[in-house]
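K.L.:
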Amino acid sequence: MNVKRFVWTAGLVASVRVIAGGGAAVAQTMVIRGGTILTVTNGTMVNGDILVEDGKIVEIGTNLSVPEGALVIDARGQFVMPGIIDAHSHIAAESINEGSVAVSSMTGIEDVLDPTDINIYRELAGGVTTSNILHGSANPIGGKNAVIKHRWGSDAEGLLFKGALPGIKFALGENPKRSRGGRRGVPRRYPATRMGVIDVIREAFTKARAYRKEWQDYEAQKAHGQADLVPPRRDFELEPLVEIMEGKRLVHAHCYRADEILQLLRVAEEFDFRIATLQHVLEGYKVAKEIAEHGAGASTFSDWWAYKMEAYDAIPYNAALMTEKGVLVSLNSDSAEEARHLNQEAAKTLKWGGLSEEQALALITINPAKQLRIDDRVGSIEVGKDADFAIFDTHPLSVYAVPQKTIVDGKVYFDREEDAERQKALVEERAELLEKLKPATEEKQ
Amino acid sequence: MKTNVLRLCIASALIAATSAAGERPKGPDRYAITGARIVTGSGQVIEQGTLVLEHGLITAVGASVEVPDGVWVIDGSGKVVYPGLVDALSDIALEKSEASGDAPFSRGPLDRPGTTSWAAAADALVLDDDRVEAWRNAGFTSTVSSPSTGIVSGQAAFLNLAGERDEDLVVATPVALRVNFEPNANRSFPGSLMGVLAYIRQVFADASHYRVSQTAYAREPRGKRRPRYDRALAPLAEAQVDGWPVLMPGHWEHEIERAVRLGREIGVRPVVYGLHEGHRAAEFLASENVAVLVSLKWPEADEDRDPEAEEPLRVLRMREQAPKTPAALAKAGVMFGFYSDGLESPKEIFASLRKAIDRGLTHESALHALTLGPATIFGVDDRLGSLEAGKIANVIVADGALFDENTRIETVFVDGAKYEIRKSTDEGGAP
Amino acid sequence: MILTRTLTILVLFSGAAASAQDDVIAITGGKIVTLAGEPIENGTIIIRNGRIAEVGANVAVPAGAEVIDASGLEVYPGMMDAVSRLGLTEISSTAATVDTTELGDYNPQLTAATAVHPSSEHIPVARANGITHAVTAPGGSGGFGVGGPYGIHGQASLINLAGWTVEEMAVKMSVGMVLHWPTIQTSTFDFSTFSRVEKKFSEVKEQYEDRVAELEDWMDAARRYAGESEKETDLKLEALAKVVEGELPMMIMADDARDIKRAVQFAEEQGIKMILLSGRDAWKEKALLAEKNIPVILGPTLRLPRTEDEAYDKPLTAASELQAAGVRVIFASFSSANSRLLPYEVGNAVARGLPWEEGLKGITLYPAELFGVSDELGSIEEGKRANLIITDGDPLEIRTEIKHLLIDGVPTSLDNRHLELYEKYRARQ
């Protein structure tokens with residue numbers, strides 16, 4: 001689907017085009033000049049330039065020549081880092097939970113994407129370029145995810161990160177136990193204990209195994225030329241689980257306590273698959289060894305704690321300690337507000353756990369990219385990768401760092417100076433619209 | 001003398017305006033309207049024309065048509081004749097379903113939550129609905145009436161708004177399947193929009209599977225496990241195979257896109273209803289060749305709302321631009337119909353239409369969306385929707401251009417039966 | 001920068017108040033940011049009996065003094081969380097551990113200090129990031145929000161974050177009366193049906209007016225009570241009378257511009273001193289607040305804009321906008337678990353335009369002045385309590401570490417639950 005731009009006002013469109021350089025569909029040549037480039041995977045380049053063509057990084061170096069017609073972004077005195085990747089987000093979706101059933105794997109965020117959610121833009125203003133939009137935590141097995149790029153202004157299709165491996169949400173602990181029901185004649189939903197949570201998962205995969213066999217038998221019979229065959233009924237609840245077992249769908253599991261983390265890892269191993277990421281995983285530091293051995297990534301908050309019993313042992317050293325023990329760790333937001341300062345959350349690991357600057361930056365760039373299996377495309381500033389950048393006025397690992405521009409696929413989607421103009425235009429537009437809408441209301445009176 | 005004529009007029013008007021369920025003396029069966037401006041609705045406008053209707057059908061229409069012997073002649077000088085109008089989606093003449101406060105608790109897709117796909121409007125009609133007459137008096141000779149509760153509500157019927165018995169109204173059934181994206185209120189499955197959409201996907205897949213397995217089983221049952229009986233599935237399978245329009249809701253641009261994509265995925269012909277932000281989706285709809293139904297209930301601010309609460313610009317824009325949706329759709333070449341969406345009277349409907357015309361909709365396109373447009377969408381354009389010989393005689397006679405504020409509808413024909421509209425009738429005419 | 005356990009402290013008390021009366025402590029070699037003049041490079045602070053005895057560039061260290069070598073480090077007044085829930089809540093979703101908000105709309109007689117749990121894990125956690133004292137206030141939401149329901153929730157208390165009992169912790173039992181101003185909310189979330197409920201504006205407005213009228217009645221009753229010579233003791237009116245008589249300020253929590261205006265009008269009509277809490281839309285009424293001299297204890301800088309079209313950084317720039325208009329801006333966490341993050345709330349405001357020193361004063365001197373304890377706290381000056389932090393840099397910056405912390409002149413441990421769990425599991429093989 002073509003990228004569509006919102007037309008705020010004619011004047012605004014014109015000014016947006018000055019920065020973004022015109023046409024909606026084709027990204028143009030761009031050179032970011034003179035910034036301190038934090039590549040994340042290849043060290044830091046001072047006074048560096050980045051050449052972008054067709055939305056991809058083509059060259060990184062000092063004093064690059066500027067092709068004719070290229071859009072030049074002056075980054076002198078500024079810091080350029082890879083666009084921030086948020087591995088746990090609930091923005092841009094009209095539903096988050098289907099909590100009526102214990103297994104809601106038939107549902108999916110892609111069906112309910114809302115490209116008009118202002119939080120897409122607000123997070124751009126915090127340097128975020130890619131987000132993993134997840135189903136909520138009401139179910140031991142939840143719905144499918146959608147990985148999006150913050151291409152503000154495009155339609156739902158246009159937001160999708162094409163080629164990203166699909167994923168699904170699991171949830172352990174207090175949230176899936178705390179189901180609705182038990183009131184007004186609505187029966188309480190199983191499970192009510194951690195025993196039941198794990199049981200739901202094992203039951204579901206047992207069924208999925210049988211379902212897979214049913215289809216395999218059918219395919220075999222068909223291959224043998226057997227006639228008059230009726231295929232099995234497609235079950236959209238079990239299909240994603242089969243995909244998980246075949247390594248085609250990533251499991252992102254919300255979890256807190258060390259014991260439930262371990263239980264889940266063992267269930268996965270029982271059914272011959274691996275958990276892609278443990279989400280929140282606030283007690284992950286207690287079983288970091290086992291997590292690393294299993295090969296799961298961990299995506300956690302920097303320091304939320306004490307809001308639930310299972311979060312009482314949460315510590316701000318979690319990310320650093322798990323990293324130390326060999327786990328691939330990312331920091332996420334699970335919040336439209338927190339997502340706007342993930343760079344600050346990463347900075348916290350310098351103090352709480354003693355990570356290096358590069359390790360800290362990795363938590364919000366290359367690490368989540370690897371966890372989502374999109375690291376061939378994003379997560380660091382390397383030739384060949386997508387031109388996704390967050391430009392700050394000072395080193396991002398500082399409370400004082402203010403995002404200046406955010407670029408996705410080589411297009412400027414957020415510009416702090418432009419935003420001020422945009423604000424003015426919106427105020428004018430509001431006044432105009434209210435004026436236009438007035439006669440109708442006066443008539444009614 | 002004048003008093004007697006007056007009494008006679010009142011008497012005949014009273015007789016004519018009686019509801020279809022009441023007693024009506026049988027009127028003439030053959031009419032000719034002469035010397036009128038005839039807007040056929042299929043592209044042709046005849047300045048001084050004659051239209052002949054006999055035994056419920058239009059038998060001739062043209063500039064130089066010979067008036068057959070024995071027909072009741074109506075002098076159409078100074079009048080304008082149009083095809084009868086269609087309210088493209090309503091629940092007129094439909095039995096009110098009991099408010100289901102205690103909807104059954106559903107444990108998952110197999111419980112078929114909110115699914116009454118077998119429920120046909122044609123089987124649940126009640127003539128005793130004031131709107132039948134009220135709409136007819138304003139020039140609406142037809143409507144598409146449909147059940148509307150739950151997720152898969154049931155089957156819509158194309159009705160003519162006159163008759164003596166309920167069944168007389170039915171022109172065609174089923175003409176569409178109606179779907180809503182409404183989660184269960186009782187917190188059972190599906191409790192969210194995400195769940196509703198997933199359910200729709202599953203139940204339509206089950207319908208395909210049902211068709212395949214039923215066919216195979218019928219061919220040879222031996223050696224096969226018997227297929228599950230599920231009355232919800234047959235109508236869905238039919239909708240897939242026969243290309244019924246499946247009505248799916250969408251107001252915002254992304255909702256409209258969502259409905260179309262889902263419709264394609266489940267193998268049906270989606271017709272989106274709602275369309276407040278349709279002007280933004282016009283290109284998309286045109287390129288996807290999807291027809292839509294535009295709600296005439298233009299979005300308005302809630303009267304009893306906080307005056308200091310700042311509404312999003314997105315909402316203000318949509319509200320201000322919604323009435324220009326029809327013009328945008330027409331310009332993009334999208335086929336569409338209009339529906340009343342709960343507006344309480346035809347007076348409001350016409351006021352709404354005039355807003356759309358003010359915002360660029362041509363009279364021609366407006367008429368099309370009230371006649372041939374919906375007739376085509378619902379597959380009855382071979383017998384309705386325009387003034388052509390052989391089609392059903394749903395005809396209206398106005399004393400001026402249809403969408404002008406002062407125009408009155410004077411006479412309405414439904415299936416060839418004539419209704420004179422009293423001047424004093426509140427709901428009469430296009431006010 | 002690995003967090004190092006401080007080894008130069010000679011005396012470590014976790015939660016103990018000053019014991020020996022004649023303890024003399026000297027902090028030497030650091031850059032002292034006194035907030036009462038220019039910073040003193042390579043300065044010395046002498047602490048005697050828990051109080052700052054001397055501050056200067058050339059101060060002699062008495063014999064026998066415990067010396068804390070602050071070379072290469074910086075010394076600041078300990079930070080003050082002007083509105084927190086410290087000690088009043090442990091696990092916000094577990095009701096048994098939450099004591100922030102009582103039942104009933106009018107409870108002026110309640111005092112936060114009576115429910116403070118000195119062993120709350122949140123206290124050492126907050127302390128470890130430089131908070132030495134805090135106002136703890138009733139009326140919390142019990143969840144992630146800033147404040148709870150409508151009502152007069154009780155009196156806020158100023159406590160040191162050290163002490164075996166509340167009696168030892170208390171600096172001032174009652175510093176203000178907490179009132180959550182009513183608000184008109186047409187759209188609310190009903191957790192029992194898990195859906196959004198829309199109410200008619202006219203209905204909710206009526207309820208709003210009723211509540212304001214009720215408040216006025218309570219104030220009138222308190223005024224009458226205060227004026228009576230012979231009366232039956234009424235604990236509620238007795239408490240509220242303190243506000244009427246000017247002894248306690250009314251700490252009014254309001255976010256909507258409409259509510260803020262109305263609250264200001266109320267305070268003026270009642271002749272009481274008002275402090276605005278949270279004040280999400282305070283920037284809209286900055287002229288009014290400046291004119292009426294109403295200080296604002298701002299709610300989180302890190303919160304989302306109020307409406308879809310509001311500037312994305314409005315909550316971030318609000319502090320500087322208010323300050324530039326002449327409003328006294330103070331910062332608070334409105335939290336227990338997140339009290340430790342207070343300096344970064346300020347840091348974000350400074351990043352978006354608030355002068356650094358104003359920011360720092362917003363969590364040291366200004367709240368002390370506001371609650372009438374500036375003779376004791378808020379800056380490094382002779383006579384004041386030695387609530388101090390020694391850092392390796394700007395306390396508002398995230399990577400700055402707190403190296404030492406003193407409360408009432410006693411070097412206090414930076415051990416806390418988080419650090420303990422970290423070290424325990426780090427050691428796991």
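Residue numbers (our numbering), protein chains in the order written: chain A, 1 to 445; chain B, 1 to 431; chain C, 1 to 429.
For every residue, glycine included, the Cβ atom is placed at its ideal position computed from N, Cα and C.
Can you find the residues in the same chain that come closer than 8 Å, C-beta to C-beta, to R209(A), ignoring five residues on each side of it along the sequence?
P.N.:
For R209(A), where only same-chain residues beyond five positions count, the Cβ hits under 8 Å are M245, F271.
K.L.:
Could you spell out where the alpha helix (DSSP H) holding R516(C) opens and where it closes?
P.N.:
This structure cannot speak to residue 516(C), because chain C is shown only from 1 to 429.
K.L.:
May I ask you to list the residues that DSSP assigns as paired with P249(B)?
P.N.:
According to DSSP, which records beta bridges pairwise, P249(B) is partnered with Y273(B).
K.L.:
According to DSSP, simplified to helix, strand and coil, what is G284(A)?
P.N.:
Here G284(A) sits in helix by DSSP.
K.L.:
Less than 9 Å between the C-beta atoms of R37(B) and P68(B), yes or no?
P.N.:
No, these two residues do not count as a Cβ contact at 9 Å.
K.L.:
Give, in chain order, every residue of the region 306-323 of chain C whose Cβ lies closer than 7 Å to some Cβ of chain B.
P.N.:
Answer in chain order: T307, E308, D309.
K.L.:
Please report how far the alpha carbon of G104(C) lies from the alpha carbon of P140(A), in whole angstroms.
P.N.:
Each residue's Cα considered, the two are about 38 Å apart.
K.L.:
Identify the contact partners of R231(B) in chain A, using a Cβ-Cβ distance below 9 Å as the criterion.
P.N.:
Residues of chain A passing the Cβ test: none, with the nearest at roughly 17 Å.
K.L.:
Say whether chain C places a C-beta atom closer than 9 Å to the C-beta of R305(B).
P.N.:
So, interface residue.
K.L.:
Of the residues A204(A), G167(A), Q344(A), N175(A), which one's Cα is nearest the Cα of A146(A)?
P.N.:
Of the candidates A204(A), G167(A), Q344(A), N175(A), the one whose C-alpha sits nearest the C-alpha of A146(A) is G167(A).
K.L.:
Residues of chain A with a CB under 7 Å from the CB of H418(C): which are they?
P.N.:
Residues of chain A passing the Cβ test: I315, P316, Y317.
K.L.:
Under 7 Å, CB to CB, which of the residues in the region 37-59 of chain B have a partner in chain C?
P.N.:
Flagged: no residues at all.
K.L.:
For the pair the region 50-62 of chain B and the region 411-425 of chain B, tell me if three or more CB-CB distances fall below 8 Å.
P.N.:
Yes: at least three Cβ pairs fall under 8 Å.
K.L.:
Between the region 245-254 of chain B and the region 301-312 of chain B, do three or more beta carbon pairs fall short of 8 Å?
P.N.:
Contact between the region 245-254 of chain B and the region 301-312 of chain B is absent, because fewer than three Cβ pairs lie under 8 Å.
K.L.:
When Cβ atoms are compared, which residues of the region 245-261 of chain C fall closer than 7 Å to chain B?
P.N.:
The residues in question are R258.
K.L.:
From the DSSP output, read off the bridge partner residues of I52(C).
P.N.:
According to DSSP, I52(C) bridges with I47(C).
K.L.:
Smallest Cα separation from T301(C): which of S333(A), V287(A), H341(A), M309(A)?
P.N.:
Of S333(A), V287(A), H341(A), M309(A), the residue nearest in Cα terms is H341(A).
K.L.:
Verify the CB distance criterion: does K200(C) have a CB-CB separation below 9 Å to chain B?
P.N.:
Yes, K200(C) counts as interfacial toward chain B.
K.L.:
For the putative contact between F301(A) and D259(A), defined by C-beta atoms under 8 Å, what is the C-beta separation to the nearest angstrom?
P.N.:
Contact flag wrong, Cβ pair sits at about 20 Å.
K.L.:
Please work out which residues of its chain come closer than 8 Å, Cβ to Cβ, to I19(A), disregarding the five sequence neighbours upstream and downstream, and give them in chain order.
P.N.:
For I19(A), the predicted model reports a pLDDT of 33, less than 50, meaning its position is unreliable; a value from the coordinates is still stated below. Excluding positions up to five away in sequence, the list reads L71, V412, D415, E418.
K.L.:
Identify, in the order they occur along the chain, each residue of the same chain with its Cβ nearer than 8 Å to the Cβ of I74(B), setting aside the five sequence neighbours on each side.
P.N.:
Within the same chain, I74(B) has close Cβ partners Y31, A32, I33, T34, V397, T411.
K.L.:
Quick check on the DSSP output: what are the complete beta strand (DSSP E) runs of length 3 or more inside the region 335-419 of chain B, in order along the chain?
P.N.:
The region 335-419 of chain B contains these whole beta strand (DSSP E) runs: 336-339, 395-398, 409-414.
K.L.:
Where are the alpha helix (DSSP H) runs, 4 residues long or more, that stay fully inside the region 82-150 of chain A, in chain order?
P.N.:
Runs of the alpha helix (DSSP H) inside the region 82-150 of chain A: 118-124.
K.L.:
Step through the CB atoms of chain B and report whether any lies within less than 9 Å of the CB of R430(A).
P.N.:
At least one chain B Cβ lies under 9 Å of R430(A).
K.L.:
Which parts of the region 298-357 of chain C are runs of the alpha helix (DSSP H), unbroken and 4 residues or longer, counting only runs that do not cross its ends?
P.N.:
Correct list: 314-324, 342-351.
K.L.:
If you reduce the DSSP assignment to three classes, tell me which class F105(B) lands in.
P.N.:
If DSSP states are grouped into helix, strand and coil, F105(B) belongs with coil.
K.L.:
If you draw a straight line from the C-alpha of L321(A) to the C-alpha of S299(A), how long is it?
P.N.:
About 13 Å.
K.L.:
Report yes or no: is there a C-beta of chain A within less than 9 Å of the C-beta of F144(C)?
P.N.:
Chain A, which has a Cβ nearer than 9 Å to the Cβ of F144(C), makes this yes.
K.L.:
Between A332(C) and chain A, is there a C-beta pair that is closer than 9 Å?
P.N.:
No - not a single Cβ of chain A is within 9 Å of the one on A332(C).
K.L.:
Identify each residue in the region 177-190 of chain C for which the Cβ-Cβ distance to at least one residue of chain B is less than 9 Å, and report them in chain order.
P.N.:
Hits within the stretch, in order: I184, Q185, T186, S187.
K.L.:
Within a Cβ cutoff of 7 Å, which residues of the same chain sit near Y366(C), ignoring the five residues on either side of it in sequence?
P.N.:
Closer than 7 Å at the Cβ level, and outside the excluded window around Y366(C), lie R328, I330.
K.L.:
Let me know if F378(B) comes out buried or exposed under the rule of 16 or more other beta-carbons within 10 Å of its beta-carbon.
P.N.:
Counting Cβ neighbours within 10 Å, F378(B) comes out buried, since at least 16 surround it.
K.L.:
Examine the Cβ distances between the region 25-35 of chain C and the region 72-84 of chain C and report whether three or more of them are shorter than 8 Å.
P.N.:
At 8 Å Cβ cutoff, the stretches touch.
K.L.:
Just the chain C side, please: which residues come within less than 8 Å of Y121(A) by C-beta, in chain order?
P.N.:
Residues of chain C passing the Cβ test: Y312.
K.L.:
Alpha carbon to alpha carbon, how far is K292(C) from F266(C)?
P.N.:
C-alpha separation (whole angstroms): 12 Å.
K.L.:
Within the chosen definition, does the region 212-219 of chain A reach the region 231-240 of chain A through at least 3 CB pairs nearer than 8 Å?
P.N.:
Result yes; three or more Cβ-Cβ pairs closer than 8 Å.
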